[in-house]
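Which chain is which? The protein sequence lines are A and B, in order. Residue 21 in UniProt numbering sits at position 21 of the first sequence; the count goes up by one each step and never skips. Residue 286 in UniProt numbering sits at position 286 of the second sequence; the count goes up by one each step and never skips.
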Amino acid sequence: MGGSASLLPRDALGEYQELTFLSKQEILLAYKRFSELLPKQERENACSARVPKSHILTLPELRANPFQHRICHVFSTSEAGDNSMSFEDFLAMLSGVSVALPKGTFPVPTDFDDDGTLDRKDLEQLVNCLTGQGEESRLSRAEMEQLIQNILEESDIDKDGTINLSEFQHVVSRSPDFASSFKIVL
Amino acid sequence: MSQPPSITLHVPEGTESDGQEPSPDSERALHTSFHQLILEQSSLIEAGLELEMKERDRESPACLAPPDACAAAWPEPGQGEQCPGYSSASLQILASMPSRTIGRSLGAIISQYCNRTARLRRRSSRPPLQQLCRAARPSLRQYDLDTDPARATLEDKWSLLVKELLSLSPYQRSQMLLTLPISLAEKRTLRRQVNRQRGLLRQHAQHWAPSSPCGWSIVYVGLGCRGLWYRLLSLLRTAQPWHYTLKQISGRFGSSVLSYFLFLKTLLMFNFFSFLILLAFVVALQAVYPPPSASPPPFTGLELLTGAGYFTHSLLYYGYYSNVTLNDPCTPGSKGSACPPAAPPFPYNMPLAYLFSVGVSFLVTCILLVYCVSCSFRESVGSSLGDLAAKVFCAWDFKVIQRRSVKLQCENFCTQLKELLAEQRSRSHSQSLCQRLRHCIVVLLAWTLALGSVLGCTLAVHHLSKHMHVVQQEQRAQGSGRWQQEAILLVLPLVVSLLNALMPHLYNLLAMWEKQDSPVTQVYVAICRNLILKMVVLSLLCFQWLSRSVVCSTEECWETCVGQDLYRFVVMDFIFTLLDTLFGELVWRLILEKRLRQRPEFDIARNVLELIYGQTLTWLGILFAPLLPAVQMLKLLLLFYIKKTSLMRNCQSPSKPWQASHMSTIFITLLCFPFFLGATIFLSYTIWSVQPSETCGPFRGLETIYKSGKSWVLVLQKSNPNITWFAWVHQHLVENTFLLFFTSGALLAVIYFYIQVVRGQQRVICLLREQIAKEGEDKIFLMQKLHSVYEQRERRA
């Protein structure tokens, strides 16, 4: 890891450590893993290179995750819209999937139609994502209705039929597991 | 973000925009102002909206919203279930509301955080309760008409944010930067701007800089220390053992199984600290100055199991330690020689050292435990509301990365959801009286069975120990071989460990038969019963050891005997855990795979309770066998690798709904409250009231172990009259029970105070929820009014 430390400038390392929730070792490890995703000739300036989405999805931590596409979409700052990620996007992703997202309001997996709230369609899609793709592990229509009704009753405080960011954060802040389980660890 | 139509509110004089919130009277004025506005300016609004619509069609939406979602961002009319019949124009306005666009618009984020930092700067930690007596809506209260950042341009907002950040303290600033939801590149530019401004400010404000070289050196030393401290912290983080192993485990089995291994690591840490203290102050010194003793019997392998024989007169047990001051130049009994006036080597009072080391190790363990408990409590105190919502939003475990495990997690999640929904449905249908009665009877029966089994086990252990004692006497009278005599000693630990291994399976079966309402209750009930069994058996054993009516009644050195017994219990516990892993996991897997083609689950609760039981035995035995923490450490290390191998080869992740952090809290609390507390009570009773044996150990000949401490205080008092305050403190604070009552009373008062504060805050939360619901109604009302305006316009057109 000494080699990669010399490639990542020291002041950048200090800055990244202050601005994310990661420690120096984690940042260096992230740098190593990120540069492994690049082709050999681009590894010299990994800081400014962008990795296409298909390469990011080969990471073992993201390979089997049902929310992989949403994660890449939310953290990518690419103007071309191809969801490629730079090193800083990668760091932001590791720093806490649950915290401080640059785009889209919700901690990753929820707002599928990007309209800024979770309505019934979003909730349905989320539950389907969570229960998997198999036919036998899906909820029936009636169960889905009951579930969505319950969720809205519990979390929709202003009773407008959708869950906006504050209500979502309110629900999530009461869950003790959120910060530790919503974290991608390299 | 498109600008909202510029609405100018004509608010009557008397309400300032900054600091003073509108009173109910001025709110009335605001309401009438709104009403007039809607009537008079409806045509203006229409014209403004029309212009806006044209602008929105012209500007490309891609610059703000992600391109692949822009089609979905404008829902077609009639599609949204929450807004039936709204026209597309009003839906477009709905979609551009601040609460929905906050994530997409950089300007909105920045202005929100500007406000947040301003509020942070202005107010104290808790908002004053006086604010609530006013009826004004919160949204109006903070409506700064003149300095509304939503109207400023992006550059202005940016510089405003920089200015606000500069006025915060460094810690608050770094926290604010961490939580800003903008991309990392933008955060870096913001940070650089803030630092640049701060550098400029520092140049202007030179007066605070230290003028003397002394001051500068202090500053540099301080900076150097801080740098060292950060480097040490980062080193500590890398020195985490088993990081990759734990990641492997959590990647395949999830956070709940990981909590078992983390608990094991925590126990290892406790034992490490105890061992270190005892090693440094007691064991090492006694090893350097060994007491005169007879030659020990030859070492055979059986000592590792029984702890007797070669180990009896060794550092392992209490009996080996001397009761004199080690390395004392003035040894009593040297006839007529005065103490040499030359510089004496350090005399070391072994009895005091023994007592204080045991005390300090318990104190350190207590502090660490309380700290761990408070950490877990802080994380896991959650309300019971929002069960389903929290489950759906927060239940996905990102640590699981293997494909098969992800699929399994999805299936488990589906099952849990279905169970929760079914439970809700059954709860809403009230059960008939007959069913409820039947359920009651079943529960009662199950509990009677469980408690009866506990009683039965206790009586069995009691009678067995009596019987073993009789057999031992007979064997000694007959003079049978050493092997037989020592094998007899192993019978009681074997039976107790067997009971501890088998009964939990029985309780699991009972819980399944009972069919509790929710699977979580099932798990808790099984843990409870297991716990009761272990506590009762341990209490019986403690009573037997201290009363010495059956066990160790004929020994001269009863403390060594008790230490040996505890050593045997620890070793037997380890052996039975190994056997349980072998049969419970390996053999069971072979059976299950042939029949049902599935693997056994890793039973977290049972394994954790076994760990807790083992740790309690160690704590009970510290006084009698100072090296027992080392034995326990070795046992835990071996257990880690064995359990991990067995887990990887034989098990699948648990299907029951485990909330990992909730479980960790429960485990560490269980460790603290019944078990550590019990061990402390046992130790205190031994030190305060039990007479140590006459012939061996550091406290031989004294009335109680505590007397050694007391006599030391008296000696101090006699030798140096200046420190009578110490004796006074000892007499009036440690021995007097008044202090205990006083501290308990003060603690209770503090707890009551905090309970009242929490209750008050809950009431505030209820009020705020009502207000938010009312705001929602306002929003719907306004949308409907807007929609009616559009309808009128369309009808006119």
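Glycine is no exception: its CB is placed at the ideal position from the N, C-alpha and C atoms. Here the structure is a predicted model, which means the values were calculated and not measured.
8 Å Cβ cutoff, residue i in contact with chain B
i         : result
A:Pro-60  : yes
A:Lys-32  : no
A:Gly-3   : The predicted model places A:Gly-3 with a pLDDT of 42, which falls under 50 and marks its position as unreliable, so this point remains unresolved.
A:Asp-160 : yes
A:Val-99  : Its pLDDT being 46, under 50, A:Val-99 is placed unreliably by the model, and the measurement read from it follows with that caveat. Taking Cβ atoms only, chain B reaches closer than 8 Å to A:Val-99, which makes this a yes.
A:Pro-9   : no
A:Ala-64  : yes
A:Asn-150 : yes
A:Pro-102 : Unreliable positioning characterises A:Pro-102 in this predicted model, as indicated by a pLDDT of 39, which lies under 50. The coordinate reading is nonetheless provided below. Taking Cβ atoms only, chain B reaches closer than 8 Å to A:Pro-102, which makes this a yes.
A:Asn-164 : yes
A:Gln-146 : yes
A:Glu-36  : no
A:Leu-126 : yes
A:Ala-92  : yes
A:Leu-57  : no
A:Leu-130 : yes
A:Val-185 : yes
A:Leu-19  : yes
Chain A within 8 Å of residue i, Cβ atoms only
i                      : result
B:Ile-249              : no
residue 800 of chain B : This structure leaves residue 800 of chain B out entirely; chain B is present only between 1 and 797.
B:Leu-406              : According to the sequence displayed, residue 406 of chain B carries Val and not Leu. Chain A, which has a Cβ nearer than 8 Å to the Cβ of B:Val-406, makes this yes.
B:Ala-797              : no
B:Phe-393              : yes
B:Ile-666              : no
B:Phe-263              : no
B:Cys-225              : no
B:Ser-139              : Interpretation of B:Ser-139 is limited by its pLDDT of 49, a score under 50 that renders its predicted location unreliable; no figure is taken from the coordinates.
B:Trp-242              : no
Minimum C-alpha distance to residue i - residue among the options
i         : options                                       : result
A:Ser-86  : A:Ser-35, A:Asn-164 and A:Glu-26              : A:Ser-35
B:His-463 : B:Val-496, B:Thr-153, B:Cys-528 and B:Leu-716 : B:Val-496
B:Leu-368 : B:Leu-620, B:Thr-266, B:Asp-397 and B:Leu-768 : B:Thr-266
B:Leu-489 : B:His-469, B:Ser-87 and B:Leu-506             : B:His-469
B:Leu-592 : B:Trp-545, B:Gln-652 and B:Asp-565            : B:Gln-652
B:Leu-232 : A:Glu-124, A:Gln-133, A:Gln-25 and A:Asp-82   : A:Gln-25
B:Asp-565 : B:Gln-544, B:Pro-347 and B:Leu-579            : B:Gln-544
B:Ser-376 : B:Arg-649, B:His-662, B:Val-570 and B:Arg-202 : B:His-662
B:Ser-357 : B:Gln-762, B:His-439 and B:Leu-627            : B:Leu-627
B:Val-400 : A:Val-74, A:Glu-145, A:Leu-62 and A:Asn-164   : A:Leu-62
B:Leu-579 : B:Leu-498, B:Ser-430, B:Cys-542 and B:Leu-768 : B:Leu-498
B:Val-360 : B:Pro-297, B:Phe-270, B:Lys-187 and B:Leu-420 : B:Phe-270
B:Cys-394 : A:Ser-76, A:Arg-174 and A:Phe-90              : A:Arg-174
B:Trp-619 : B:Gly-697, B:Gln-248, B:Leu-639 and B:Leu-538 : B:Leu-538
B:Pro-297 : B:Glu-411, B:Arg-482, B:Phe-362 and B:Thr-645 : B:Arg-482
Rounded Cβ spacing between residue i and residue j (contact assumed at less than 8 Å)
i         : j         : result
A:Ala-30  : A:Leu-38  : About 13 Å separates the two Cβ atoms, so there is no contact after all.
B:Met-503 : B:Leu-533 : 6 Å
B:Ala-625 : B:Leu-279 : That belief does not hold up - the Cβ atoms of B:Ala-625 and B:Leu-279 are roughly 13 Å apart, past 8 Å.
B:Arg-568 : B:Pro-493 : 5 Å
B:Val-406 : B:Glu-514 : With 8 Å as the limit, B:Val-406 and B:Glu-514 do not qualify as a contact, their Cβ atoms being about 33 Å apart.
Paired residues, beta bridge with residue i - DSSP
i         : result
B:Gln-286 : DSSP, once it has assigned bridges, lists no residue as partnering B:Gln-286.
A:Met-85  : A:Val-51
B:Glu-601 : B:Gln-652
B:Tyr-348 : B:Leu-326
A:Leu-165 : A:Leu-165 is not bridged to any residue.
A:Leu-118 : A:Ile-163
Next item on the list: Indicate whether the contact test is met: 3 or more Cβ pairs, each with one atom in the region 285-294 of chain B and one in the region 674-689 of chain B, closer than 8 Å.
Entry: The count of Cβ pairs closer than 8 Å, one atom from the region 285-294 of chain B and one from the region 674-689 of chain B, stays below three, leaving the stretches out of contact.
Note to self: Tell me whether the region 147-159 of chain A and the region 384-402 of chain B touch, counting them as touching only if at least three CB pairs, one residue from each stretch, are closer than 8 Å.
What the structure shows: Yes: the two stretches touch, three or more of their Cβ pairs being nearer than 8 Å.
Margin query: Would the region 609-624 of chain B count as touching the region 573-591 of chain B if we require 3 or more Cβ pairs under 8 Å?
Written below: By the criterion of at least three beta-carbon pairs nearer than 8 Å, the region 609-624 of chain B is in contact with the region 573-591 of chain B.
Note to self: Any contact between the region 527-541 of chain B and the region 259-278 of chain B? By contact I mean 3 or more CB pairs, one from each, below 8 Å.
What the structure shows: Because the criterion of three Cβ pairs below 8 Å is not met, the region 527-541 of chain B and the region 259-278 of chain B do not touch.
Notebook entry, point to check: Pairing CB atoms from the region 554-561 of chain B with CB atoms from the region 692-708 of chain B, are three or more of them under 8 Å?
Noted result: The region 554-561 of chain B is in contact with the region 692-708 of chain B.
Notebook entry, point to check: Would you call the region 670-680 of chain B and the region 298-314 of chain B in contact, with 3 or more CB pairs under 8 Å?
Noted result: A contact is defined here as three or more CB-CB pairs under 8 Å, and the region 670-680 of chain B fails this definition with respect to the region 298-314 of chain B.
Notebook entry, point to check: So, do the region 125-142 of chain A and the region 63-79 of chain A have three or more beta carbon pairs nearer to each other than 8 Å?
Noted result: Contact annotation: the region 125-142 of chain A touches the region 63-79 of chain A, with at least three C-beta pairs closer than 8 Å.
Item checked: Three-pair Cβ contact test at 8 Å for the region 167-174 of chain A versus the region 13-28 of chain A -> Too few Cβ pairs lie closer than 8 Å, so no.
Note to self: Under 8 Å, with one C-beta from each stretch per pair, do the region 244-261 of chain B and the region 640-655 of chain B reach the 3-pair mark?
What the structure shows: The region 244-261 of chain B, when compared against the region 640-655 of chain B, does touch it at the 8 Å Cβ threshold.
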